[in-house]
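So the structure is just underneath, and the comments pick up after that.
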Amino acid sequence: MKIFKLNLCFIFLSYFCVRAVDRANFKTCDQSGFCKQLRSMEKGNSPYKLLLNTLNIQKDSLQVDLLNNKNNVKLVLKLSGIRDNIFRLRITEKDPLKPRYEPAIGDVLDSEPKLESITVKREGQTVKVNLKNDAVVILDESPFSMQVLQSGEPVLLINSRGLLRFEHTRTKPEAEAPQGILSTVLSWFSNSPQPADDEVPVEENAENENHEKENKEEAEKKETDEEGVWEESFKGHTDSKPSGPQAIGLDFSFPGFENVYGIPEHADSFALKSTRDTDPYRLYNLDVFEYELHNPMALYGSVPLMYAHNEKRTIGLFWLNTAETWIDIGSNTADKNMLSKLATFVGVGSSDEMPQVDTHWMSESGIIDVFFLLGPKPNDAFRQYGSLTGTTPLPPLFSIAYHQCRWNYNDEEDVQTVNEGFDTHDIPMDVIWLDIEHTNGKRYFTWDGAKFSHSVDMINKVAARGRKMVTIVDPHLKRDDNYNVHSECRSKGYYIKNKDGNDYDGWCWPGSSSWPDFFKPEVREWWAGKFLTSEYVGSTHDLFTWNDMNEPSVFNGPEITMHKDAKHLDGNEHRHVHNLYGTLVHRATFEGQLKRDPNQRPFILSRAFFAGSQRYGAVWTGDNMSEWGHLKISVPMLLSHGITGISFIGADVGGFFKNPDAELLTRWYQAGAYQPFFRAHAHLDTRRREPWLFDDKYKNIIRDAIRARYALLPFWYTLFYHGEKEGGPVMKPLWVDFPKQKETFTIDDQYLIGSVLMVKPVTEQGSSGFRMFFPGDSTTEWYDIYSKQPVKTHGGYEFVSAPLEKVPVFQRGGTILPRKNRIRRASILAKDDPYTLTIALDQNGSAVGDLYIDDYMTHEYRQNKYTLRKFIYENNMLVNKNISPMSQFETKSWLEKIEILGMKSKPISVQVIGEDKSTRDLEFNFEPSKQVLTIRKPDVNIAQDWIISLRR
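Quick note, the sequence shown lines up with residues -23 to -1, 1 to 929 if you use mature numbering (1 follows the signal peptide of the UniProt record, and there is no 0).
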């Protein structure tokens, strides 16, 4: 028992006390058997050949066998056209000994992709496929390769460097085989599917026989000698591989591109770096607290989606694989011979020298299943990805407001004190969070009987002020026979198993724990039922959920996660599905809140994520630190998440570990106020940091930052509505709106909110100003939201003042920004408050904007109970019109004020023309030195049609 306690203590102290990530706990590529093997492959020597006599052409797809000349194993290649300028490439084993893992529809893909017709023509040793929208795919027979062209220009090369590898399923050789290693190797291949005589032409058989004598013995011996084929070890953990090696890899090159983006989660620059002198970028969901910056190490979540962008187009590559994945990236120059060949083949194009980004994707298992998003514009590519994996559903209003959290608020009295503190200091706040200490001994769905004995009363007191609460519910369940959730899960057989078939037992916050298998629908249904108020005793409909540690985090597991040879209930090894586990926890919790109240929009925060997680709610960047570098890196991290579908994203304000000084905390609040998910959070051992605990100088600036967020909630809410419909990020890089401006391609310290605001948070200690890039050209205007004045520079850099009380934010000319300026303690209390419209004129004296309104909390907007208004200012008239004619929604909110920036002269009069055609003169004030016109109290309903006319 003493040894048991000491080991547990060591694990917990290691988690609490380490002040920098221990990289030795996590594998490098050289320590990952399959990564080391695939990365060391020789380039330009691909053994794969298309068997064109097997070509099968359908209306929307083609299928053809693919032969590995070194071992005679056959694969099947299928290329399909997908609606909206997408195509799909699948490569699988033709006759596997056992099925290879593929995610079920609904787990990653939102639904079965809708196919699009293609045109296929064979020309000698080449197959030419015409897709919609002027895209062409060319398949070369031997060695196998593919090229994708748009408007006659090559944009994507597949296997051009010959790095395709597909380790086929096989049986394990007997260790005591007497003939030695060669006979062992040959026994593998005797169990591999062999091509039938009638499937391979005579000349191909002859060619294979010639190659076999010269190359096969050497190739097979090399494959046998590779480390980690059937078993590998790391830091005392042995990973058995009962199915043997199943790694896959393929290279993709982007000619004409210099920058690629995406593949979160990494604490690194937005434009991805070359990995020539580092490890590849790793995608493997891990609990890496106090993570290092500028490092390709894996973090809490992963989305295997990459975009390439240049002045002409944006294209995306979505590698649908849930196993551990590594991605090498390198800058190169496109091969002139290849370019000349393509130019000749398609009759257009150029053989001029061009830049190229080379990438190499390597996964431990699964199949090769890749979607190519052909854009050509950034928002086209975002929409295409959203059509595959889904979009972020419109969040309830409270969830995009400000959240207050720490590990942990001590008891009900502490919660009430914090709740009242925000009101006392006139600081808006919408959600109070409780971490693991609120439970009865880390048993989720329970309460500490001494500290939270009246949880319903506590939640109701918070809700009485217009606020909500969140409690943490992690997927590790304490192995305690007196804990009903564990007992029930065990008795139903719902736990993941270890390799021996017993319930998997690992260490996490409760001590000895087991993990439900969320890959089984009945397990998700069972978990969802736990969120009913009758099951989660002490909860109410005003309580929402935080899923943490769902990578899954296992303190005594390899790399602080689950053993790869753990078994899921469907028979799959955990290695095949690891990166998807956290998403399915998120999904089951989302379904639980819907079960509790089908008409109330859920809110769940998750730390782990994968492609498709956006369908279930918000994500944050995990256990960051109270350091300026972590504040700075949060911007490129959030941009990377946003373009890969995870748009409801944020970083812990103030940093989770360590104690920020007042300046850092203030600057972090200013940054968080202009990012999608806005939550302050802190470690158990940090000093309390509620805003009023700091000097008034800092408290007041923090309060102003939070109030600025609340004033802009109508704008944020409208952006999230468009995000659900169109799939794009709400926080986005500059090149999305300025795709031809090369200066924007590597800028990741400033960004756009929608197409209206541009923000550059202050992320350097002591900074009071800096140079900031203003994209556009000589006709583009940017207005300082504080002074309401345009900047002098058009399409270039300008020095921007940034004293402590200011975060540089600029409104783009030609836009209309809706606000609510009344100060309320919580967002829902401003439901019927009046609006202010800020109109920033472009050089033509015009501007447009929109505003979305519904009840802010139910699903009734999907039954057309909403209004979407469009504001158009041109020819001295502001028009408000309904652009959702099928919808109906009434609101008491009215228009309180209009500000017009960039107004050249004073109007003679201003008149409002109501929906009933009645007219009324309005008061106004013109400041000629600032060129700002303020129109007071138009007093018209914001959801009705009206016109405000300026007479000159």
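We put the beta carbon where it would ideally sit given N, CA and C, even for glycine.
Problem set entry | Same chain, Cβ closer than 8 Å to T770, five either side skipped, listed in chain order | Stepping through the sequence shown from its first residue, residue 770 is reached at position 793. F751.
For this session: Measure the alpha-carbon distance for E851 versus A688 and round it to whole angstroms.
Result: The count along the sequence shown starts at 1 and reaches residue 851 at position 874. The count along the sequence shown starts at 1 and reaches residue 688 at position 711. Approximately 26 Å, taken between the alpha carbons.
For this session: Compute the distance between the beta-carbons of V531 and W486, then report whether it is under 8 Å.
Result: As a first step, residue 531 is located in the sequence shown; it is residue number 554 there, counting from the start. As a first step, residue 486 is located in the sequence shown; it is residue number 509 there, counting from the start. Their beta carbons are not under 8 Å apart, which means V531 does not touch W486 by this criterion.
For this session: Could you please give me the residues that DSSP links to V887 through a beta bridge?
Result: For the purposes of this step, residue 887 is identified with residue 910 of the sequence shown, where counting begins at 1. Per DSSP, L927.
Exercise. Does DSSP put H214 in a helix, a strand or coil?
Worked result: Locating residue 214 in the sequence shown gives position 237, counting from the first residue. In the structure shown, H214 sits in a strand (DSSP, three-state: E or B).
Exercise. Can you round the beta-carbon distance between A628 and S611 to whole angstroms, since I take them to be within the 8 Å contact cut?
Worked result: The residue you call residue 628 lines up with position 651 of the sequence shown. The residue you call residue 611 lines up with position 634 of the sequence shown. Indeed, because the Cβ distance is near 4 Å, the residues count as touching under 8 Å.
For this session: Going by DSSP, name the residue or residues bridged to F896.
Result: As a working note, residue 896 is residue 919 in the sequence shown. Residue 896 is actually Thr in this sequence, not Phe. For T896, which the question treats as bridged, DSSP gives the partners I890.
For this session: Give every residue of the same chain whose Cβ lies closer than 8 Å to the Cβ of V334, excluding the five residues on either side of it in the sequence, and list them in chain order.
Result: Residue 334 sits at position 357 when you count from the first residue of the sequence shown. Hits under 8 Å: S230, F231, F234, E235, N236, V237, A285, I306, G307, S308, N309.
Exercise. What number of angstroms, rounded off, separates the C-alpha of L696 from the C-alpha of G731?
Worked result: Residue mapping note: residue 696 aligns to position 719 of the sequence shown, counting from 1. Residue mapping note: residue 731 aligns to position 754 of the sequence shown, counting from 1. Cα to Cα, L696 sits roughly 6 Å from G731.
Problem set entry | Backbone secondary structure at V450 - three-state DSSP | By 1-based counting over the sequence shown, the position of residue 450 is 473. Three-state DSSP puts V450 in coil, outside helix and strand.
Problem set entry | Straight-line Cα distance separating K289 from V712 | Translated into positions along the sequence shown, residue 712 becomes position 735. Translated into positions along the sequence shown, residue 289 becomes position 312. Reading off the sequence shown, one finds Trp at residue 712, where the question assumed Val. Computed Cα separation, rounded: 12 Å.
Exercise. Given a threshold of 16 other Cβ atoms within 10 Å of its Cβ, counted over all protein chains shown, does M406 qualify as buried or as exposed?
Worked result: Reading the sequence shown from its first residue, position 429 is the one you call residue 406. Buried, by the Cβ-count rule.
Exercise. Quick one: what does DSSP say Y261 is sitting in, helix, strand or coil?
Worked result: Locating residue 261 in the sequence shown gives position 284, counting from the first residue. Correct three-state label for Y261: coil.
Exercise. Can you name the start and end residues of the alpha helix (DSSP H) that L878 belongs to?
Worked result: Your numbering for residue 878 matches position 901 in the sequence shown. L878: not part of any alpha helix (DSSP H); member of the beta strand (DSSP E) spanning 872 to 878, first to last residue.
Problem set entry | Inter-residue spacing [alpha-carbon to alpha-carbon] between I912 and G700 | What you label residue 912 is simply residue 935 of the sequence shown in a count that begins at 1. What you label residue 700 is simply residue 723 of the sequence shown in a count that begins at 1. Using only the alpha carbons, I get a separation of about 32 Å.
For this session: Using a threshold of 8 Å, state whether the C-beta atoms of F521 and I581 are closer than that.
Result: As a first step, residue 521 is located in the sequence shown; it is residue number 544 there, counting from the start. As a first step, residue 581 is located in the sequence shown; it is residue number 604 there, counting from the start. Yes; because the gap between Cβ atoms is below 8 Å, this pair is in contact.
Exercise. Roughly how many angstroms separate the alpha carbons of H243 and S624, rounded to a whole number?
Worked result: For the purposes of this step, residue 243 is identified with residue 266 of the sequence shown, where counting begins at 1. For the purposes of this step, residue 624 is identified with residue 647 of the sequence shown, where counting begins at 1. If you take the alpha carbons of H243 and S624, they lie about 16 Å apart.
For this session: Mark N33 as exposed unless 16 or more other C-beta atoms lie within 10 angstroms of its C-beta, in which case mark it buried.
Result: For the purposes of this step, residue 33 is taken as the residue at position 56 of the sequence shown. Exposed, since its Cβ has fewer than 16 Cβ neighbours within 10 Å.
Exercise. Can you give, in chain order, each stretch of the alpha helix (DSSP H) that sits fully within the stretch 417 to 472 and has at least 4 residues?
Worked result: 432 to 440, 461 to 468
For this session: Inspect the CB distances between the stretch 67 to 79 and the stretch 144 to 152 and report whether three or more fall short of 8 Å.
Result: yes
Exercise. Roughly how many angstroms lie between the CA atoms of D754 and G772, to the nearest whole one?
Worked result: Numbered from 1 along the sequence shown, position 777 holds the residue referred to as residue 754. Numbered from 1 along the sequence shown, position 795 holds the residue referred to as residue 772. Cα to Cα, D754 sits roughly 5 Å from G772.
For this session: Assuming H553 and A311 form a contact by the criterion Cβ under 8 Å, report the distance between their Cβ atoms to the nearest whole angstrom.
Result: Residue mapping note: residue 553 aligns to position 576 of the sequence shown, counting from 1. Residue mapping note: residue 311 aligns to position 334 of the sequence shown, counting from 1. Between A311 and H553 the Cβ distance is about 35 Å, and since that is not below 8 Å, they are no contact.
Exercise. Hey, E389 and H431: beta-carbon distance below 8 Å or not?
Worked result: Along the sequence shown, one-based indexing puts residue 389 at 412. Along the sequence shown, one-based indexing puts residue 431 at 454. In contact: E389 and H431 (Cβ atoms closer than 8 Å).
For this session: Could you name each continuous alpha helix (DSSP H) segment of 4 residues or more that falls completely within the stretch 331 to 363, going from the start of the chain to the end?
Result: none
For this session: Have a look at F266, E118, T96 and flag the residue whose alpha-carbon is nearest the alpha-carbon of T538.
Result: Here residue 538 corresponds to residue number 561 of the sequence shown, with the count starting at 1. The shortest C-alpha separation from T538 is found at F266.
Exercise. Distance, Cα to Cα, K883 vs R680?
Worked result: Counting from one through the sequence shown, the residue named residue 883 turns up at place 906. Counting from one through the sequence shown, the residue named residue 680 turns up at place 703. Spanning the two alpha carbons is a distance of roughly 35 Å.
For this session: Please determine, among I762, F247, Q223, the residue with the shortest C-alpha to C-alpha distance to R302.
Result: Numbered from its first residue, the sequence shown carries residue 302 at position 325. As written in the sequence, residue 302 is Thr, which differs from the Arg given in the question. Ranking I762, F247, Q223 by Cα distance to T302 puts Q223 first.
Problem set entry | Given H380 as reference, the closest of L411, T368, T401, T394 once Cα atoms are compared | As a working note, residue 380 is residue 403 in the sequence shown. That would be L411, whose Cα lies nearest to the Cα of H380.
Problem set entry | Whole-angstrom distance between D525 and H453, CA atom to CA atom | As a first step, residue 453 is located in the sequence shown; it is residue number 476 there, counting from the start. As a first step, residue 525 is located in the sequence shown; it is residue number 548 there, counting from the start. The straight-line gap from Cα to Cα measures roughly 10 Å.
For this session: Using the DSSP secondary-structure output, state which residues sit across from L54 in a beta bridge.
Result: The residue labelled residue 54 in the question sits at position 77 within the sequence shown. L54 pairs with V41, I68.
Exercise. Can you tell which of F747, R578, I875 has its C-alpha closest to the C-alpha of M854?
Worked result: Here residue 854 refers to the residue found at position 877 of the sequence shown. For M854, the nearest C-alpha among the options comes from I875.
Problem set entry | CB-CB length for P785 against Y812, believed under 8 Å | On the sequence shown, residue 785 is found 808 positions in, with the first residue counted as 1. On the sequence shown, residue 812 is found 835 positions in, with the first residue counted as 1. The Cβ separation is near 25 Å, so there is no contact.
Problem set entry | Buried versus exposed call for F776 [16 or more other C-beta atoms within 10 Å across all chains shown] | Start at 1 with the first residue of the sequence shown, and residue 776 comes out as number 799. It is exposed - the Cβ of F776 has fewer than 16 other Cβ atoms within 10 Å.
For this session: With a cut-off of 8 Å on the beta carbons, I'd call K20 and L140 a contact; round off their distance for me.
Result: On the sequence shown, position 43 is the one that residue 20 refers to. On the sequence shown, position 163 is the one that residue 140 refers to. Rounded, the Cβ-Cβ distance is 7 Å, consistent with contact.
Problem set entry | Member of R60, S864, P120 whose CA lies at the smallest distance from the CA of K91 | Taking the first residue of the sequence shown as position 1, residue 91 is located at position 114. Out of R60, S864, P120, R60 has the C-alpha closest to the C-alpha of K91.
For this session: Might you give, ordered along the chain, the residues of its own chain that have their beta carbon closer than 6 Å to the beta carbon of N22, omitting 5 neighbours on each side?
Result: Translated into the one-based positions of the sequence shown, residue 22 becomes position 45. Closer than 6 Å at Cβ, skipping near neighbours: G139.
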